[in-house]
Amino acid sequence: QPIILLSIFGSAVAFIAYTQAMRVLGITKTGVFANVIPVFTAVFSFFLLQEKLLLINYLGIIIVIGGLFLSQKSVKNREM
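Take the sequence shown: its letters are residues 167 to 246, numbered as in the working numbering.
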C-alpha cells in the first residue's frame with residue numbers, strides 16, 4: 167500500500183509544481199526544463215551512482231541539447 171500512496175502523492179506534487187512553474191516562468195522556459203530532465207537524470211546517475219553511459223546515451227544527450235538550442239533559436243527569431 168505505501169508504494170501506491172507514494173506514487174499518487176509524488177505524481178500530484180509533480181503536477182502541481184509543473185503547473186505552478188508554467189504560471190510563474192511561462193510555457194517556454196518550463197518546456198525547456200521538462201525536456202532537459204532526462205539529460206540531468208543521465209548525468210546525475212553517472213556521477214552519483216557510477217552508472218556507465220553508453221554511446222547511445224551520449225548521442226541522446228547531444229540530440230536533446232541540440233534540439234533545445236534549435237527550438238530556442240527559432241523562438242528568438244520569431245520574437246524579432
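Glycine residues also receive a C-beta, built at the ideal position from the N, C-alpha and C atoms.
Since the structure is predicted, the reported quantities are computational estimates derived from the model, not experimental observations.
- DSSP places Gln238 within a helical segment (H, G or I) once states are collapsed to three.
- The criterion of a C-beta distance shorter than 9 Å is satisfied by Val209 and Ile227.
- Between Gln238 and Val198, the CB-CB gap stays under 9 Å.
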